[in-house]
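Below: one structure, written as structure tokens.
Number of protein chains: 2
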Amino acid sequence: MSKTKPFPPTLKQLLLKGNEQIHPGVSVDCVIFGFHENVLKILLLEVKQANIWSLPGGFVLKNEEVDDAAYRVLALRTGLDNIFLQQFHAFGNPNRSDVTFHQLKFQEYGIKIPKDNWLTQRFVTVGYYALIDFSAAIIKADSYDSTYAWVDVQKIGTLMMDHNFIVEKALETLRTQLAYLPIGKNLLPKKFTMPEIQKLYETILNKKLDRRNFQRKMLGFGIFNKLNETRKGGAHKAPFLYTFNDKKYQKALKDGLYGSW
Amino acid sequence: MSKTKPFPPTLKQLLLKGNEQIHPGVSVDCVIFGFHENVLKILLLEVKQANIWSLPGGFVLKNEEVDDAAYRVLALRTGLDNIFLQQFHAFGNPNRSDVTFHQLKFQEYGIKIPKDNWLTQRFVTVGYYALIDFSAAIIKADSYDSTYAWVDVQKIGTLMMDHNFIVEKALETLRTQLAYLPIGKNLLPKKFTMPEIQKLYETILNKKLDRRNFQRKMLGFGIFNKLNETRKGGAHKAPFLYTFNDKKYQKALKDGLYGSW
DNA sequence: ACAAAAGTGTTACTTTTACACCCATGA
DNA sequence: TCATGGGTGTAAAAGTAACACTTTTGT
Chain V
1 MSKTKPFPPT LKQLLLKGNE QIHPGVSVDC VIFGFHENVL KILLLEVKQA NIWSLPGGFV
61 LKNEEVDDAA YRVLALRTGL DNIFLQQFHA FGNPNRSDVT FHQLKFQEYG IKIPKDNWLT
121 QRFVTVGYYA LIDFSAAIIK ADSYDSTYAW VDVQKIGTLM MDHNFIVEKA LETLRTQLAY
181 LPIGKNLLPK KFTMPEIQKL YETILNKKLD RRNFQRKMLG FGIFNKLNET RKGGAHKAPF
241 LYTFNDKKYQ KALKDGLYGS W
Chain R
1 MSKTKPFPPT LKQLLLKGNE QIHPGVSVDC VIFGFHENVL KILLLEVKQA NIWSLPGGFV
61 LKNEEVDDAA YRVLALRTGL DNIFLQQFHA FGNPNRSDVT FHQLKFQEYG IKIPKDNWLT
121 QRFVTVGYYA LIDFSAAIIK ADSYDSTYAW VDVQKIGTLM MDHNFIVEKA LETLRTQLAY
181 LPIGKNLLPK KFTMPEIQKL YETILNKKLD RRNFQRKMLG FGIFNKLNET RKGGAHKAPF
241 LYTFNDKKYQ KALKDGLYGS W
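If you read the sequences in order, they're chains V and R.
Numbered according to the numbering used here, the first sequence spans residues 1 to 261.
Numbered according to the numbering used here, the second sequence spans residues 1 to 261.
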């Protein structure tokens with residue numbers, strides 16, 4: 001500890017009185033996906049003092065719906081509201097506790113967290129994944145003064161605690177749901193091209209798809225509007241732009257893309 | 001209160017010291033499916049004093065994996081071990097608290113639960129569903145002296161708190177997973193006939209299926225062994241018996257039944 | 001012998017896959 | 001003018017859906 005910063009009252013309050021406002025033993029963690037330059041990325045925060053990266057997460061307030069806690073975290077971090085956010089799994093490993101994380105955080109202020117403080121107990125965390133429009137998000141690091149980064153899902157290093165596992169599970173869920181949910185709306189800008197959404201699907205599935213069959217299938221879902229504009233840019237024919245047909249998109253979200261059986 | 005029973009020390013301990021052993025604010029609830037006489041049923045417990053039915057559930061111990069808590073509840077209730085048990089959703093409504101339930105329970109012993117006791121706070125519950133062989137289960141009601149019943153999923157009345165919602169969600173999950181998981185192994189006896197498993201599928205999907213197409217599809221999965229025995233009984237041709245091919249079943253559980261994409 | 005339900009196969013239809021040629025764009 | 005990548009259509013293959021007659025069993 002080179003220098004001890006003044007302990008912010010809010011942090012102190014968190015430590016001593018947090019348990020009065022915070023639902024005990026439960027947290028939320030968000031795997032926030034964005035798609036940028038044809039790469040699927042997730043938003044990570046760095047715990048500077050601990051020199052380790054983690055998922056954006058937070059506590060659940062007493063009297064707060066757990067889903068709302070996740071929305072709160074998402075809005076706090078991205079400035080975005082009204083987003084595709086989906087719970088995918090609860091993680092209940094008995095070793096999941098943020099002891100090291102919190103100790104390092106508070107250590108910075110010359111504070112040692114007392115034994116048996118509510119903060120150091122095991123937290124069961126509920127995992128959510130969000131699909132956001134990369135270009136619309138304005139990321140904020142948190143009061144714990146972390147920094148952030150968008151990291152290619154293919155190149156994620158070692159994360160805090162079981163966060164790598166959580167990301168894996170989120171990806172797995174996303175892959176599964178791709179088959180029956182209209183993914184893309186929130187990951188892509190309003191107007192997008194077929195090659196763009198195809199790239200998105202290929203990235204998520206980690207697999208090349210046939211251009212023509214992909215387009216036929218996608219259009220077959222009937223959830224797109226074809227615009228009379230093209231996106232110029234490359235040394236090739238300019239692809240058409242599409243938007244999601246909101247009404248049909250909402251229906252597909254509810255009913256799924258296939259009936260099966 | 002006609003007569004107050006002696007307050008059992010274990011219950012008293014639960015009230016006063018439970019928070020020392022129990023992970024705060026989190027519980028598990030199990031939707032236990034069984035298939036009997038061609039009807040899909042779930043196991044419900046009656047809270048006698050409250051005259052209301054509920055899902056079998058329980059607390060999570062400190063240092064206990066949440067999944068293990070669900071296994072514990074399942075084993076406690078059914079005597080069964082090594083069962084298909086799957087987490088499907090966490091329920092975090094801020095109103096979910098067992099206040100009435102617990103009050104009525106303790107009232108029976110002439111005890112009023114103090115305000116702010118750990119028992120009466122909101123619990124976030126993690127929902128699990130299990131598929132069990134109805135004929136193999138030996139059901140135990142719990143120390144809270146409830147009684148139990150297997151109830152047709154089509155005829156479930158009003159349950160405690162949000163338990164109806166939990167059951168709905170479990171059914172929905174089961175329906176979705178039917179498309180890519182080999183359901184049936186745990187719901188059916190070791191040997192079963194095509195008409196039996198078809199009935200099971202029809203019940204879960206709430207839809208009639210074509211006998212011939214169903215059989216072709218099922219057998220196409222390659223996870224059954226056809227036996228040289230038939231099940232006699234009705235005034236009609238005796239259907240053949242099948243068993244699951246364990247090796248291929250396990251593989252299908254892991255990889256799913258289709259590849260898609 | 002009759003009613004009830006199971007065994008079995010074929011044909012039409014739909015969906016998926018594989019594949020090739022032409023066209024607009026920017027360098 | 002050329003390289004790049006997008007637009008488009010068709011034929012073969014696989015999978016799904018629809019459908020009828022025969023067989024076994026118990027009464």
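Cβ coordinates follow ideal geometry from the N, Cα and C atoms, glycine included.
{"Asked": "Grab me the residues of V:Val-28's own chain with a C-beta within less than 7 angstroms of its C-beta, minus the 5 sequence neighbours each way, in chain order.", "Found": "Gly-57, Gly-58, Val-60, Val-66, Ala-69, Ala-70, Val-73, Thr-125, Val-126, Tyr-128"}
{"Asked": "Any C-beta of chain R within less than 8 angstroms: which residues of the region 59-70 of chain V qualify?", "Found": "Val-60, Lys-62, Asn-63, Glu-64, Glu-65, Val-66, Asp-67, Ala-69"}
{"Asked": "Alpha carbon to alpha carbon, how far is V:Gly-25 from V:His-89?", "Found": "16 angstroms"}
{"Asked": "Cβ of R:Gln-87 less than 8 angstroms from any chain V Cβ?", "Found": "yes"}
{"Asked": "Would you call the region 226-239 of chain V and the region 145-159 of chain V touching, i.e. three or more CB-CB distances under 8 angstroms?", "Found": "no"}
{"Asked": "Which residue's Cα is closest to the Cα of R:Ala-137: R:Glu-196, R:Leu-76, R:Tyr-201, R:Gly-92?", "Found": "R:Leu-76"}
{"Asked": "Going straight from the alpha carbon of R:Phe-244 to that of R:Met-161, what length do you get?", "Found": "38 angstroms"}
{"Asked": "Any beta carbon from chain R within less than 8 angstroms of V:Pro-114's own beta carbon?", "Found": "no"}
{"Asked": "Check for me: the beta strand (DSSP E) holding R:His-36 runs from which residue to which?", "Found": "22-36"}
{"Asked": "Output yes if chain V places a C-beta closer than 8 angstroms to the C-beta of R:Gly-57; else output no.", "Found": "no"}
{"Asked": "Name the DSSP bridge partner or partners of R:Gly-57?", "Found": "R:Asp-29"}
{"Asked": "Leaving out five residues before and five after R:Leu-45 in sequence, what residues of the same chain have Cβ atoms less than 6 angstroms from its Cβ?", "Found": "Ser-54, Pro-56, Ser-146, Tyr-148"}
{"Asked": "Check the Cβ-Cβ distances between V:Ala-90 and every residue of chain R, and say whether any is below 8 angstroms.", "Found": "yes"}
{"Asked": "V:Ile-139 and V:Asn-186 - do their beta-carbons sit closer together than 8 angstroms?", "Found": "no"}
{"Asked": "Does the beta carbon of V:Ser-2 come closer than 8 angstroms to any beta carbon on chain R?", "Found": "For V:Ser-2, the pLDDT reaches just 44, beneath the cut-off of 50, and the residue's location in the model is therefore unreliable, although a value from the coordinates is still provided. No - not a single Cβ of chain R is within 8 angstroms of the one on V:Ser-2."}
{"Asked": "Should V:Glu-64 be labelled buried (16 or more other beta-carbon atoms within 10 Å of its own) or exposed?", "Found": "buried"}
{"Asked": "V:Thr-176 lies in the alpha helix (DSSP H); which residues open and close that run?", "Found": "163-178"}
{"Asked": "Who are the neighbours of V:Asn-93 on chain R, taking C-beta pairs under 7 angstroms?", "Found": "Glu-65"}
{"Asked": "Using beta carbons (cut-off 8 angstroms, strictly below), is V:Arg-122 in contact with chain R?", "Found": "yes"}
{"Asked": "Helix or strand or just coil, what does DSSP make of V:Ala-130?", "Found": "strand"}
{"Asked": "Looking at R:Leu-178 and R:Ile-197, is the spacing between their C-beta atoms short of 8 angstroms?", "Found": "no"}
{"Asked": "Judging by CA-CA distance, which residue of V:Leu-174, V:Ile-113, V:Thr-78, V:Lys-247 is the nearest neighbour of V:Leu-200?", "Found": "V:Leu-174"}
{"Asked": "Kindly indicate the opening and closing residues of the alpha helix (DSSP H) around V:Ala-149.", "Found": "No alpha helix (DSSP H) contains V:Ala-149, which is instead part of the beta strand (DSSP E) from 147-152."}
{"Asked": "With 8 angstroms as the limit, tell me which residues of the region 17-33 of chain R have their beta carbon closer than that to any beta carbon of chain V; keep them in chain order.", "Found": "His-23, Pro-24, Gly-25, Val-26"}
{"Asked": "Suppose you measure from the CA of R:His-163 to the CA of R:Ile-111; what does that come to, to the nearest Å?", "Found": "26 angstroms"}
{"Asked": "Can you find a C-beta in chain R that's less than 8 angstroms from the C-beta of V:Val-126?", "Found": "yes"}
{"Asked": "How big is the Cα-Cα spacing for V:Trp-150 and R:Lys-105?", "Found": "51 angstroms"}
{"Asked": "For V:Gly-184, does the three-state DSSP call read helix, strand or coil?", "Found": "coil"}
{"Asked": "Residue ranges of each beta strand (DSSP E) run of no fewer than 3 residues wholly in the region 49-129 of chain R, ordered along the chain?", "Found": "52-54, 57-61, 84-91"}
{"Asked": "Closest by CA to V:Pro-189, which one among V:Phe-134, V:Glu-168, V:Glu-202?", "Found": "V:Phe-134"}
{"Asked": "Relative to the C-alpha of R:Leu-262, which residue among R:Leu-14, R:Ile-32, R:Ile-22, R:Leu-15 is closest?", "Found": "As shown, chain R starts at 1 and ends at 261. That puts residue 262 of chain R outside it, with no answer to give."}
{"Asked": "Based on Cα-Cα distance, which residue from V:Thr-10, V:Phe-101, V:Lys-248 lies nearest to V:Asn-51?", "Found": "V:Phe-101"}
{"Asked": "For the beta strand (DSSP E) that contains R:Asn-228, what are its first and last residues?", "Found": "224-230"}
{"Asked": "Helix, strand or coil for V:Asn-245, going by three-state DSSP, please let me know.", "Found": "coil"}
{"Asked": "Start and end of the alpha helix (DSSP H) containing R:Leu-291?", "Found": "Chain R is shown from 1 up to 261; residue 291 of chain R falls before or after that span and cannot be answered."}
{"Asked": "Residues in its own chain within less than 7 angstroms of R:Gln-86 by CB, not counting five upstream and five downstream?", "Found": "Tyr-128, Tyr-129"}
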